[in-house]
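Numbering (my numbering), first residue to last: 1 to 331. We put the CB at the ideal spot given by N, CA and C, even for glycine. Just so you know, these numbers come straight off a predicted model, no measurement behind them.
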Amino acid sequence: MNKLTFSKFLVLLPAVLAFVSCSKSRIEISKTKIALGTFVQINIISSKSESVKAENVVESVFKKIEEYEIIFDHRPESGSLNKFNNSTRILKKNENELFSLLIESLDFARLTGGYFDPTILPIVQLYGFDTDNPSFPGDDKILETLKTVGYEKVTIYEDRIEKPLYVKFDLGGIAKGKIIDLIRDQLERGGYTDFLINAGGDIYVSGLNRDKKKWKIAIQDPVDTSSFNAIIEKTNTAIVTSGDYERFFIEDGVKYSHLFNPKTGYPFSDCKSVTILSQDTAFADAAATAVFTMGSKTGFSFLSENTIKGYIIYSTENGKIETKSTPGFWN
């Protein structure tokens with residue numbers, strides 16, 4: 001019998017951790033809950049007189065996250081994406097939020113030449129990543145299932161999106177980032193300028209921390225996950241990391257992560273983790289996923305050609321861990 005491990009702990013372990021400093025001059029309201037399949041952390045910097053209001057805002061943010069999760073997650077039976085996947089071929093534009101994110105994800109699929117592909121769900125389900133007992137399905141089943149994957153199978157019209165019934169979307173590579181962007185916009189409309197949103201490694205930092213300094217973000221070491229590989233200081237920036245240590249299982253001594261190459265159906269890459277900086281968290285989320293599946297060489301070329309700030313930790317052929325970054329990442 002194969003030894004199979006599904007690391008639920010690592011599903012919840014953030015790929016990037018936020019450090020928050022202390023000061024008496026400003027109040028920091030911080031709350032962490034389980035949502036979006038991970039830990040979600042909201043930190044708002046407020047004056048003492050506005051602290052109760054800020055606490056209420058944080059609670060309202062978490063309620064909004066729950067609403068977005070039902071829309072964008074393919075698993076809830078009552079959810080919009082689940083219905084589009086399983087019971088209809090057409091999604092109309094009046095379902096604004098889902099329609100918008102599907103368009104965004106399909107645009108990014110074209111930009112990456114299919115290395116990011118939101119129609120990857122059949123492969124994810126084939127491996128059993130939606131269950132407690134994932135396993136390697138075999139080469140023949142992978143090849144057969146790949147016939148149902150491909151963003152080119154989806155047709156976009158001005159007022160609707162159409163797909164064959166067998167095409168099924170998984171927005172896991174972009175939805176967390178999108179939800180963070182929506183929450184960021186909500187906080188900004190409420191007059192907040194200094195805050196941090198962290199959804200399991202998808203982070204957006206705005207303004208300054210409680211000490212009126214840039215936020216310090218530690219990039220986790222993908223090999224020794226109890227330590228950090230690097231620390232950066234940022235403001236008004238999305239920081240997103242994808243890594244093969246977040247969600248995986250081991251079968252017959254082979255590690256299978258949840259980050260699949262949509263072109264092959266296999267989750268193998270020399271990348272250990274990819275961190276992307278952007279003004280748009282959804283873009284950074286999708287880019288981190290795509291670059292990881294591309295591999296370090298193709299991924300680095302993609303980042304350079306598209307002037308994307310990125311940092312890749314990868315394994316060489318002899319097993320040595322190396323890193324490389326594009327211009328501007330450390331600034």
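Candidates the options: which alpha carbon is nearest residue i's?
i, options, result
"Ser324", "Thr281, Asn318, Asp270", "For the sequence presented, residue 324 should be read as Lys rather than Ser. Out of Thr281, Asn318, Asp270, Asp270 has the C-alpha closest to the C-alpha of Lys324."
"Gln220", "Ser273, Ile180, Glu188", "Ser273"
"Ala238", "Phe268, Ile197, Pro164", "Ile197"
"Leu259", "Asp252, Gly253, Tyr245, Glu251", "Tyr245"
"Arg160", "Gly319, Arg89, Ile183", "Arg89"
"Pro262", "Phe283, Ser78, Thr112, Tyr157", "Thr112"
"Gly253", "Thr298, Gln186, Phe136", "Phe136"
"Ser80", "Asp170, Glu59, Thr32", "Asp170"
"Lys178", "Asp140, Ile44, Leu101", "Leu101"
"Phe108", "Ala288, Ile70, Asp139, Ile42", "Ala288"
"Asn94", "Lys53, Tyr157, Arg247", "Tyr157"
"Gly150", "Ile34, Val167, Asp139, Asn331", "Val167"
"Asp280", "Ser206, Asp132, Ser60", "Ser206"
"Leu334", "Ser242, Ile65, Thr131, Glu77", "Since the displayed the chain opens at 1 and closes at 331, residue 334 lies outside it and no answer follows."
"Lys33", "Gly200, Asp117, Tyr204, Asn318", "Gly200"
"Ser335", "Gly190, Gly172, Glu188", "Summary: the structure shown does not reach residue 335, with the chain confined to residues 1 through 331, and so no result is reported for it."
"Ser278", "Phe84, Asn331, Asp224", "Asn331"
Name the two residues that bound the continuous beta strand (DSSP E) containing residue i.
i, result
"Val205", "202-206"
"Ser343", "Nothing can be reported for residue 343, as the shown portion of the chain is limited to 1 through 331."
"Gly243", "237-243"
"Lys33", "27-35"
Would you kindly report the start and end of the unbroken alpha helix (DSSP H) that includes residue i?
i, result
"Val58", "51-72"
"Thr281", "281-294"
"Arg189", "175-189"
"Lys141", "139-146"
"Pro122", "121-127"
Might you give, ordered along the chain, the residues of its own chain that have their beta carbon closer than 7 Å to the beta carbon of residue i, omitting 5 neighbours on each side?
i, result
"Thr145", "Pro122, Ile123, Leu126, Gly265"
"Ser51", "Ile27, Ile29"
"Lys214", "Leu208, Glu233, Lys234, Thr235"
"Cys22", "Low confidence applies to Cys22: its pLDDT is 47, below 50, so where it sits in the model is not reliable enough to give any reading."
"Glu322", "Tyr314, Thr316"
"Phe228", "Ala218, Ile219, Gln220, Asp221"
"Leu165", "Arg89"
"Glu97", "Ile71"
"Tyr192", "Ile44"
Which one or two residues does DSSP pair with residue i in a beta bridge?
i, result
"Asn198", "Gln41, Ile203"
"Tyr115", "None, per the DSSP bridge assignment."
"Phe248", "Ser257"
"Glu162", "Ile90, Thr155"
"Val312", "Residue identity check: residue 312 is Ile in the sequence provided, not Val. Answer by DSSP bridge pairing, in chain order: Val274, Lys324."
"Ser46", "Ile27"
Am I right that residue i and residue j are in contact with their C-beta atoms under 8 Å? What's the rounded C-beta distance?
i, j, result
"Phe62", "Pro134", "The pair is not a contact, with the Cβ atoms about 29 Å apart (cut-off 8 Å)."
"Val240", "Ile276", "5 Å"
"Lys297", "Gly328", "Contact flag wrong, Cβ pair sits at about 20 Å."
"Arg75", "Asn82", "7 Å"
"Ile312", "Asp194", "Not confirmed; about 30 Å, so no contact."
"Lys141", "Thr119", "Not confirmed; about 17 Å, so no contact."
"Lys176", "Asp139", "Not really, about 31 Å apart at Cβ, beyond 8 Å."
Would you say the beta carbon of residue i comes nearer than 8 Å to a heavy atom of the ligand MN?
i, result
"Val61", "Among the components modelled here there is no ligand, and therefore nothing to report on the ligand MN."
Kindly list the residues whose CB is nearer than 6 Å to the CB of residue i, restricted to its own chain and excluding five residues on each side of it in sequence; keep chain order.
i, result
"Ile174", "Ser105, Ala282, Asp285, Ala286"
"Tyr115", "Ala290, Thr293, Met294"
"Lys31", "Ile42, Val58"
"Phe129", "His258"
"Val40", "Lys33, Ala199"
Identify, in the order they occur along the chain, each residue of the same chain with its Cβ nearer than 8 Å to the Cβ of residue i, setting aside the five sequence neighbours on each side.
i, result
"Phe268", "Asn261"
"Lys320", "none"
"Tyr256", "Tyr127, Pro134, Phe136, Phe248, Phe249, Ile250, Pro267"
"Phe9", "The pLDDT assigned to Phe9 is 29, lower than 50, so where the model puts this residue is not dependable, and the model offers no usable value."
"Ile103", "Ile156, Ile161"
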